[in-house]
Every structure is written in C-alpha cells, then in structure tokens.
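Visitor: Taken in order, the sequence shown gives residues 684 to 1177; the numbers are from our numbering.
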Amino acid sequence: MAKDLNADLAAYKIEDGTTLQGYYTILGSIAMLDQKHDEAVSWFAKARELEQKASKKMMTGVVAEAIAAAHKAAGGDRAKYEAAFKETLKAKVSAMPWDVVRDDVMQAKGRAEIVTRELVLGSIKGQLDPAVEAQQGKLSSDIARGLISARMVLDVRLPLMAAEADVYREIISRNTGEKKDIWAERAATFGTSEKLTPVVLAIWDSGVDTSIFTNQLWINPKEQANGKDDDGNGYVDDLHGIAFDLTDNRVAELLHPLDEMKSDVKIVTQYAKGSMDMTSNVDSAEASAFRKYVGGLKPDEVGPFLEDLGLFGNYAHGTHVAGIAAEGNPAARLLAVRLTFDFRQVPRHAPSVEQETKHARAIKDTVAYMRAAGVRVANMSWGGSRKDVERALEVKGVGKTAEERAALSREIFGIQKRALEEAMASAPEILFIAAAGNSDNDVDFDEMIPSGIKLANLITVGAVDQSGKPTGFTSFGKGVSLYANGFEVDSFIP
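1) For F1170, tell me which candidate among G1145, F1159, L1091 has the shortest Cα-Cα distance.
2) When DSSP labels each residue in this structure, what does L688 get in the three-state scheme?
3) Please report the straight-line C-alpha distance between A1119 and K1152, rounded to a whole angstrom.
4) At which residues does the alpha helix (DSSP H) containing T708 begin and terminate?
5) Reducing DSSP to helix, strand and coil, say where A999 ends up.
6) Leaving aside the five residues before and after E1037 along the sequence, list all residues of the same chain whose C-beta is less than 7 angstroms from its C-beta, in chain order.
7) Does DSSP put G860 in a helix, in a strand, or in coil?
8) Which stretch, first to last residue, makes up the beta strand (DSSP E) that contains M1063?
9) Comparing alpha-carbon positions, which option in L937, S725, Y954 lies nearest T708?
10) With DSSP as the reference, identify every bridge partner of R933, one or two as the case may be.
11) Could you tell me whether the segment 750 to 767 touches the segment 807 to 816, where touching means 3 or more Cβ pairs closer than 8 angstroms?
12) By DSSP, does G1145 sit in helix, in strand, or in coil?
13) Out of curiosity, what's the CA-to-CA distance linking M1053 and G1082?
14) For T899 and M741, what's the separation of their Cα atoms in angstroms?
15) Please classify Q1099: is it buried, with 16 or more other beta-carbons within 10 angstroms of its beta-carbon, or exposed?
16) By alpha-carbon positions, which one of A693, K736, G805 ends up nearest to L980?
17) Within 10 Å of its beta-carbon, does R632 have 16 or more other beta-carbons around it, so buried, or fewer, so exposed?
18) For W866, collect the residues of the same chain with a Cβ closer than 8 angstroms to its Cβ; drop the 5 residues on either side in sequence, then sort them by chain order.
19) Kindly list the residues whose CB is nearer than 8 angstroms to the CB of A827, restricted to its own chain and excluding five residues on each side of it in sequence; keep chain order.
20) With a threshold of 6 angstroms on Cβ separation, who are the neighbours of E765 within its own chain once the five nearest residues in sequence on each side are excluded?
21) Identify the residues that DSSP records as bridge partners of R1021: which are they?
22) For G1067, name the three-state secondary structure that DSSP assigns.
23) Use the C-beta contact count for T872: other C-beta atoms within 10 angstroms, 16 or more gives buried, fewer gives exposed.
24) On a Cα-Cα basis, can you pick out the residue from D849, F1026, P1177, V783 that is closest to T987?
25) Please go through the segment 1100 to 1143 and give each complete beta strand (DSSP E) segment of 3 or more residues, from N-terminal end onward.
26) Using only the alpha-carbon positions, how far apart do D928 and E936 sit?
27) Assign Q1188 to buried or exposed, taking buried as 16 or more other Cβ atoms, counted over all protein chains shown, within 10 Å of its Cβ.
28) Can you name, in chain order, every residue of its own chain whose Cβ lies under 7 angstroms from the Cβ of L879, other than the five neighbours on each side?
29) Could you say which of F1159, E1104, G1057 lies nearest to L884 if we only look at CA atoms?
30) Name the DSSP beta bridge partners of N1168, please?
31) For Y706, which residues from the same chain have a beta carbon less than 8 angstroms from its beta carbon, with the 5 sequence-adjacent residues on both sides left out?
32) Which whole runs of the alpha helix (DSSP H) in the segment 776 to 848 are 4 residues long or more, in chain order?
33) Can you tell me which of the three DSSP states L772 falls into?
34) Among the candidates P1177, Y976, D1127, whose CA atom is the shortest distance from the CA of S1158?
35) If distances are taken between C-alpha atoms only, which option among D983, E984, M779, I950 comes closest to A970?
36) With distances taken from CA atoms, which of V1147, D1173, P1177, S1174 is nearest L1165?
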C-alpha cells in the first residue's frame, strides 16, 4: 500500500489539499504501525501544513507526536511510555489557544471515551467485510485504507485511549468559559401581529413530522386525508407535501417509518442525544447511558446499533431542519418533500442506471410540484458524490474491476447530477439552498451534489459555530458562498 501511495505522489501533481492529506495521513499510519515514529511524525506534519482550519492545523498529528516522544523516553517500559505520552500530549494541547481548539478537544475526548476493540471489530464486520466478500478478497484502495486506519486504532491508539481521555478531561476542566454566542443578537423574529405575506418553504429532506408545525404548514386545499388522489395530480393524500420511498415510488407518508428499527425508538433517541452530549462535553444522563451501552457492545451488536442510529437520523433529520427553517417566522409555510436514504451499512440495492433514471424522474417531478405549489425557497441539507456510488457498487459486488466500477459510477452519478441541474434551472423563481456538507472536503473537487452545482438560483452554505468560526466538519470550496450557524442548533424532532 505504501509503495502504491508513494508511486501516485511521484507520478501525479495532486493539487487538492484534502486528497493529499488523505495520502499523508495513511502513510503516517503505516509508518507508525512499522514503528518508524519519526517518519510518521513527518507525514502527519505534511498533512498539517495543508490544513485550512485553524483548529485542525493545530491538532493534526499531535497524538502521533506524543506517541513518538513517549517511545523515545520510555525505553520499552510500559508505565513510563504511558506517563510520557500523557505528559507530552498535555503540554502540546495546553499550549494551544483554547478558544481555537475547544471543539476539537471536546470531540477528541468524546471519541477516546467510547472507542473499544469490539466497536472497531464490529465496524469492520459490518462495513468492510461485506465488501471484501463481495469482491472475493480483492481490496480497493479505499477499503485497504479503511483497514489500515482500523489497525492503527487497534494496535497503536486503543491502548492509550484512556490516557488520552484523561488528558483532555484535565485540560477541559481548566477552561470552563463558554464561547461567545454571536447568533442571539442576529436572530430575526417576526411577530404574529405584523402584516406578513406567507411564503412557501420546501423542506426537501428525509421527512417531516407535520403535526409539530400546525400553524406553519403549506396546505393543499384540493386534497383530503382519505387514501385517494383527490386532485388528480398523481399523489395520494398530499395535504402538506409529497414523499418517495427508497426506490422512488410515490408514497403518502411524509415521515420516515420506523418499522425496521430493532430497538425501542425512545432508547435510540436517548443514545442519539447521548452521543451528541458526549461530543459537546455535556455530562448528561443520556451521555452516561450511551457511554455504558457502547462500552458493552459485542462485535456482532455494533452493526445493528449503527443501523438503528442511521434509521433514527432519517426519521428525525428533516423535522429538525424544518424547525430551524421556520424559527421566528410565522409567515413560513412548510411544504415537505421526503427523500428516502438507505441507513444500512450494506445498501439494500446496488446502484444501477435503471434505478437512477427513475430517481432522476422523481427529482424533476419534485421540482415541478414545488413550482405548482408556489415554493419560493427549497432547503436541501443532504448530498452525495460519485465516490459514494462507486463504494456502493463495490460493496454490492458490481463490476469485475475498479476501472469498470469507476466508469459505471460516472454514468450513474451523471444521471442524477444532470437531473438536479435541469430541474433547478427550470425553476428560476425558487431559491435552492444546499448544505455544503459535513465531510470536511472540497465540494468542487469531490464532485458533491447538490452543493457542487453552479446555478444562479442555488447557493451553498457552510457551517460555523456559535462564535462564527468554521466547524471542524464543514465542507468548503469556491462554490460555498455563505456560512451560517450549524453547530448544535436546537430544534424539534418527531
């Protein structure tokens, strides 16, 4: 793997910083696994140099540096090794400006508190093993990188996780001040007594619980909830919007069903909140329960647990987005458009030209429906890339070679991208708002849609935190023209 990566670096001029960081990080992990600590530190330093975000520029490679220093100081003594690791890590992170690295440190603490050997092995079993089996033991570069990263965690990072969490907890305890929240003074709130003109906002997402927004719903006056298509427009019971299932059939349910959830939804809701609380260093009952539950998972239990969390995300995401869109605006009239995303670790269906052509039709039908309903703004907090299609093809065993899968993924991805471009361009009266994404990548280089599409009536928005600093997860690129509060924003769930 290292030979192939170095050959790529020698043969090609890679200008995308995120791609180069990926190369350097994996090469650093390989060097660390080979006990070449100085070489590993140099690779992580190269990755750090390319980082655009201030917090990540400081935090990238700091654990590797602490590990390398500890190996030199310990001389094979395990107790000295751990003590030297903690001392070095504490000194390095403590010297960083807290207001810059605060969120990254808290997130690192949360990860260090929950990672177990069983969790890593369970993730491999659910995500990587099926792909290896489908390809009869042949590994793509992506899968090989995933395995190297997992081995790095198991062999190098995991034995130090408790010590790492201790260091972060101590640093956090010394920095108790909250970030200044710049958003309260920027909030625009309209009163119900003002003479406002209703405006239709489409929430093109994973589904909306319309019962929450009774006074802010778009209403189709020609439809009734009777299981019939009263107005003859091809949609049954579309009182407040339309919905499509996983294979783009028209369905009436605007909220994603939970019939495939293996655990009680109340418990999964607690775990979802606990996960977020841990990331934010909130010592809640939900965080404690989440920590205890994840710590006790066996490898065979990891996949079902992650799928339940994914299903809950589909169930809750659109409603959460709708609440943010409607906040402070009694004139908002929400129209729900439900997409159905696959929450499974192995997709139920392999991507195909036939299915993507059907999906393209659904996209165009959706925008036509928005136009007929008088939608002025459509929010799209979702996205995908050609690489996502290629990975799905691989895990489903489609294509004999990587080159064949790459070509097919370009064809399938192109169908969806063209459909989005043509549909949105056909509705110049609608402002489409796309989320940049949560993958910390360049939306243009990685061919993200819809965030990488360029149209006069489309804007792409990145995420900043309560202080106005770009979040560690937000994607970026030349097409990201605005930034908005996107970190731990309160809203509704079903």
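Even for Gly, the Cβ is constructed at its ideal location relative to N, Cα and C.
Guide: Let's see:
1) In terms of Cα proximity to F1170, the closest of G1145, F1159, L1091 is G1145.
2) If DSSP states are grouped into helix, strand and coil, L688 belongs with the helices.
3) Computed Cα separation, rounded: 15 angstroms.
4) Segment 700 to 716, the alpha helix (DSSP H) holding T708.
5) It is helical.
6) Within the same chain, no Cβ atom closer than 7 angstroms to the Cβ of E1037 is found once the five residues on either side in sequence are excluded.
7) The three-state reading of DSSP puts G860 in coil, since its state is none of H, G, I, E or B.
8) Counting along the chain, the beta strand (DSSP E) containing M1063 begins and ends at 1058 to 1063.
9) Per the Cα distances, S725.
10) Per DSSP, F927.
11) Counting Cβ pairs under 8 angstroms, fewer than three are found: no touch.
12) G1145 sits in a strand when the DSSP states are folded into three classes.
13) Cα to Cα, the separation comes out at about 37 angstroms.
14) Looking at the sequence provided, one finds Gln at residue 899 rather than Thr. Distance from the CA atom of Q899 to the CA atom of M741, rounded to whole angstroms, is 44 angstroms.
15) Looking at its Cβ environment, which holds 16 or more other Cβ atoms inside 10 Å, Q1099 is buried.
16) For the residues A693, K736, G805, the minimum Cα distance to L980 belongs to G805.
17) With the chain covering 684 to 1177 only, the question about residue 632 has no answer from this structure.
18) Excluding sequence positions up to five before and after W866, its CB lies within less than 8 angstroms of the CB of Q1149, N1168, all in the same chain and listed in chain order.
19) These residues qualify, in order along the chain: M684.
20) Around E765: A846.
21) DSSP, once it has assigned bridges, lists D888, A926 as partnering R1021.
22) Three-state DSSP puts G1067 in a strand.
23) Exposed, because fewer than 16 other Cβ atoms sit within 10 Å of the Cβ of T872.
24) According to the sequence shown, residue 987 is Pro rather than Thr. The residue from D849, F1026, P1177, V783 with its alpha-carbon nearest to that of P987 is F1026.
25) List check, beta strand (DSSP E) in window: 1114 to 1118.
26) D928 and E936: Cα-Cα distance of roughly 9 angstroms.
27) With the chain covering 684 to 1177 only, the question about residue 1188 has no answer from this structure.
28) F873, P1013, A1014, listed in sequence order.
29) Just measuring C-alpha positions, the residue of F1159, E1104, G1057 sitting nearest L884 is G1057.
30) Its beta-bridge partners are V1147.
31) These residues qualify, in order along the chain: L688, D691, L692, I697.
32) Segments of the alpha helix (DSSP H) lying fully in the segment 776 to 848: 781 to 797, 800 to 806, 812 to 817, 824 to 835.
33) DSSP places L772 in the helix class (H, G or I) of the three-state scheme.
34) That would be D1127, whose Cα lies nearest to the Cα of S1158.
35) Measuring C-alpha to C-alpha distances from A970 to each of D983, E984, M779, I950 identifies I950 as the nearest.
36) Measuring from the Cα of L1165, the nearest candidate turns out to be V1147.
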